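Before any comments, here is the structure.
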Amino acid sequence: MLKMMMRNIAAASFYCSSRRWRGMPWLHSNSTLVVFDNNYFAFFHSQPSKPIKSTRTKLDQPVRDSPKITNVEDAFNVFDKMLQMRPRPSVVLFTQILGQVAKLKHYSAVISLYNQMGVSRIGHDVYILTIVINCYCHLNQMGFGLSVLGKFFKLGLEPNVFTFTTLINGFLLENRVVQAVELFNKMIKAGNCQPDVFTFSTLIKGFCMRGDNRAAIQLLRKMEEGVCKPDLVVYNTIIDSLCKDTLVDDALNLFSEMMCKGISPNVITYTSLMNGVCKLGEWKEATRLLNEMVSKNIFPDVFTFNVLVDTLCKEGMVVEAEGVVEMMIQRDIDPDTVTYNSLMDGCCLRGEIGKAQNVFELMLSKGSMVNVFSYNTLINGYCKLKKIDEAVMLFLDMSHKGLVANTVTYNTLLDGFGKAGRIQDTHKLFSEMQACGQLPNVRTYSILLDGLCTNRQLSRAMQLFGEMEAKKLDIDIVIYNILIEGLCIAGKIESARDLFCGLSSKGLRPDVKTYTIMINGLCIAGLTSEAEKFLIQMEEKGCFPDGCTYNTIIRGFIHNKQTSRAMVLIRTMVEKGFSADASTTELIVNLLSKDEVDPALLPLIKKSL
DNA sequence: ATAGGGTTAG
1 MLKMMMRNIA
11 AASFYCSSRR
21 WRGMPWLHSN
31 STLVVFDNNY
41 FAFFHSQPSK
51 PIKSTRTKLD
61 QPVRDSPKIT
71 NVEDAFNVFD
81 KMLQMRPRPS
91 VVLFTQILGQ
101 VAKLKHYSAV
111 ISLYNQMGVS
121 RIGHDVYILT
131 IVINCYCHLN
141 QMGFGLSVLG
151 KFFKLGLEPN
161 VFTFTTLING
171 FLLENRVVQA
181 VELFNKMIKA
191 GNCQPDVFTF
201 STLIKGFCMR
211 GDNRAAIQLL
221 RKMEEGVCKP
231 DLVVYNTIID
241 SLCKDTLVDD
251 ALNLFSEMMC
261 KGISPNVITY
271 TSLMNGVCKL
281 GEWKEATRLL
291 NEMVSKNIFP
301 DVFTFNVLVD
311 TLCKEGMVVE
321 AEGVVEMMIQ
331 RDIDPDTVTY
341 NSLMDGCCLR
351 GEIGKAQNVF
361 ELMLSKGSMV
371 NVFSYNTLIN
381 GYCKLKKIDE
391 AVMLFLDMSH
401 KGLVANTVTY
411 NTLLDGFGKA
421 GRIQDTHKLF
431 SEMQACGQLP
441 NVRTYSILLD
451 GLCTNRQLSR
461 AMQLFGEMEA
471 KKLDIDIVIY
481 NILIEGLCIA
491 GKIESARDLF
501 CGLSSKGLRP
511 DVKTYTIMIN
521 GLCIAGLTSE
531 AEKFLIQMEE
541 KGCFPDGCTY
551 NTIIRGFIHN
561 KQTSRAMVLI
571 RTMVEKGFSA
581 DASTTELIVN
591 LLSKDEVDPA
601 LLPLIKKSL
């Protein structure tokens with residue numbers, strides 16, 4: 001019944017949005033995806049459908065000692081009953097309960113149950129202590145995790161490979177790679193507890209999380225030489241990391257290498273690869289992978305479909321994304337919160353906030369489907385449309401749903417306030433986020449700085465920048481770009497140049513944006529020849545100008561009435577495969593109407609537009 | 001009974 005309803009809703013929204021679609025073709029003019037091919041879906045219908053879900057009821061399942069725990073409340077109830085039983089159940093049963101709660105990711109609940117066990121003098125063993133360490137790790141409380149390790153020695157228990165692997169994971173989650181590697185090496189040296197494939201994959205994942213694919217692959221090669229051979233999880237971890245860095249070719253090489261070794265890919269491997277090619281806009285390659293996996297009887301699951309839905313949404317093709325959702329439902333794969341969040345974001349990107357709100361309400365009607373991502377996405381949608389009051393309402397509504405606003409929530413709202421010129425509210429919210437224990441990150445500061453700069457409060461921006469330096473925050477190039485731009489627009493080209501020149505001493509390298517901002521600033525100050533020097537300099541340093549750089553400098557030259565110089569730059573831009581954007585086009589058309597352009601250049605100008 | 005891999009937001 002629900003499925004029927006969903007299908008109808010999907011069909012209805014399909015109709016709605018296809019009308020919008022026709023009305024706004026310009027939204028897709030820069031789409032990197034090839035035009036959506038309806039045949040692409042054909043294979044889904046021709047393939048055997050996914051094996052029908054088992055309809056076995058609870059009664060058919062083998063009777064187990066431990067009751068199935070589906071929520072924390074159950075766990076606490078069962079636990080209380082167990083504590084009252086005489087004789088008391090064995091520690092194994094308690095372990096099973098805690099293990100299940102941990103699997104539900106209710107880590108603090110596990111800790112609290114464990115503490116009750118201590119009070120009730122129930123013995124501890126390696127299993128339960130390892131579960132507890134794992135929970136502390138996931139709660140970012142590695143210190144407590146290490147103190148549990150102390151208990152091993154107090155109780156005469158020997159930590160095993162599970163314990164050490166858990167600890168290594170804990171270090172990695174806290175970005176303490178050095179300690180993780182140290183522990184790993186200690187395991188090898190000590191000799192009585194060798195790392196197994198789990199330990200290796202954990203460390204490899206840690207390297208990947210830091211973006212250190214080289215170290216990850218190095219460790220993979222080490223495994224290949226040793227006794228502990230890499231398995232599918234190890235390959236999947238690295239393949240995914242390469243894909244996330246859009247190094248899809250490297251990922252595909254590893255993929256074939258893995259298959260040569262007789263390790264067959266699974267749905268996770270294919271989902272990572274598809275995510276990689278989708279990120280590059282290689283829709284045909286995504287289709288090929290999809291066909292390939294299905295031909296191997298590996299069926300896309302909700303993760304795989306979510307990648308497709310999200311990619312389509314990011315390209316503005318919400319209608320097509322809804323088509324994919326339709327297909328998921330037909331294949332008995334229920335869209336989940338992630339699916340709907342992607343759809344919502346897609347609607348927001350198109351400015352269709354009402355439609356996004358409908359998706360949000362659909363999630364609400366289906367039970368507690370909304371999460372912090374859902375709120376953040378919708379809040380962002382409203383902020384981008386400058387509907388700040390609606391955004392604030394949603395923000396206030398979160399707590400009623402038992403959801404806690406996180407750093408992203410605050411960053412989104414802070415940006416909304418800044419862009420709406422509500423600087424006073426920005427300050428209030430910034431204090432509030434810290435009072436609520438949500439730590440500002442570099443992104444928060446970049447949002448605050450941007451707000452101050454665009455609201456002409458440059459001295460306050462510089463003051464905040466000073467605070468960041470004093471706090472020894474990891475200041476990145478984005479922060480400098482904002483400040484340099486702020487200074488340029490305020491006409492303080494000298495200070496901007498000083499900041500720019502000081503970059504290398506801070507260990508930072510200017511990126512395309514930095515150069516473009518400087519070029520713009522120099523043009524505003526009338527220093528066009530210096531601007532052109534920057535254009536040459538950036539190329540020499542291996543930082544290649546993009547379309548935006550060329551448009552910026554061309555506009556700069558036109559504004560400075562150096563039309564012929566601008567025309568030369570247009571020629572270069574066209575040669576490099578870039579073209580004039582809307583505002584440059586307007587300037588050029590203006591020049592043409594005033595007959596200020598050499599007619600000989602007309603064919604070239606046509607090419608650039 | 002304990003440890004590792006894929007999807008969404010700023």
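1 is the number of the first residue of the first sequence in UniProt numbering; add one for each residue after it. Backbone N, C-alpha and C define an ideal beta-carbon position, used for all residues, glycine too. Here the structure is a predicted model, which means the values were calculated and not measured.
Beta-carbon proximity list for residue i, same chain, < 7 Å, skipping 5 on both sides
i      : result
Ala531 : Ile519, Leu522, Cys523, Ile553, Gly556
Phe198 : Thr165
Ala102 : Val110, Ile131, Asn134, Cys135
Asn411 : Arg443, Thr444, Ile447
Cys137 : Gly145, Thr166, Asn169, Gly170, Leu173
Lys261 : none
Ser120 : Leu83
As assigned by DSSP and simplified to three states, the class of residue i
i      : result
Ser495 : helix
Phe395 : helix
Thr549 : helix
Gln274 : The residue asked about is misnamed: residue 274 is Met in this sequence, not Gln. In this structure, Met274 counts as helix in the three-state DSSP scheme.
Met317 : coil
Glu575 : helix
Pro159 : coil
Gln438 : coil
Ser446 : helix
Val78  : helix
Pro599 : helix
Thr246 : coil
Met518 : helix
Leu378 : helix
Leu535 : helix
Gln96  : helix
Ile329 : helix
Ile239 : helix
Asp125 : coil
Asn140 : coil
Leu83  : helix
Ile188 : helix
Proximity below 8 Å, CB of residue i to CB of residue j
i      : j      : result
Ile333 : Val359 : no
Asp345 : Thr304 : no
Leu458 : Gly486 : yes
Val307 : Leu289 : no
Ile122 : Val91  : yes
Val126 : Leu167 : no
Tyr382 : Ile353 : yes
Leu242 : Leu254 : yes
Leu364 : Ile379 : no
Arg210 : Val177 : yes
Ile238 : Ile204 : yes
Ile388 : Leu414 : no
Cys193 : Asn236 : no
Thr95  : Ile69  : no
Gly418 : Thr454 : yes
Ile482 : Asp511 : no
Leu385 : Gly421 : no
Leu343 : Ala321 : yes
Leu604 : Arg571 : yes
Val325 : Thr311 : no
Asn341 : Ser374 : yes
Leu149 : Tyr107 : no
Cβ-based neighbour list, residue i, same chain, cut-off 8 Å, excluding 5 preceding and 5 following
i      : result
Phe76  : Ala109, Leu113
Pro51  : Because Pro51 carries a pLDDT of 41, less than 50, the predicted location of this residue cannot be relied on, and no value is offered for it.
Val442 : Leu473, Asp474, Ile475, Asp476, Val478, Ile479
Ile484 : Ala496, Leu499, Phe500, Thr514, Ile517, Met518, Gly521
Residues near residue i by beta carbon distance below 6 Å, same chain, minus five either side
i           : result
Ser31       : Here the model assigns Ser31 a pLDDT of 30, short of 50, so the residue's position is not dependable, and the following value carries that caveat. Once the five neighbours on either side are set aside, the close Cβ partners of Ser31 are Glu315.
Ile263      : Leu232
residue 628 : What is shown of the chain runs 1 to 609, which leaves residue 628 out entirely.
Leu591      : Val597
Met567      : Leu601
Leu452      : Arg460, Ala461
The ligand ADP heavy atom lying under 7 Å from the CB of residue i
i      : result
Ile524 : Absence of the ligand ADP is noted for the structure shown, with no ligands found whatsoever.
Practice item. Please confirm if the region 428-438 is in contact with the region 451-471, defined as three or more CB-CB distances below 8 Å between the two stretches. Key: Between the region 428-438 and the region 451-471 there are fewer than three inter-stretch CB-CB distances shorter than 8 Å, so the stretches are not counted as touching.
Review point. Using 8 Å as the Cβ pair cut-off and three pairs as the minimum, do the region 533-543 and the region 559-567 touch?
Key: Verdict: no, contact absent.
Practice item. Indicate whether the contact test is met: 3 or more Cβ pairs, each with one atom in the region 214-225 and one in the region 185-192, closer than 8 Å. Key: no
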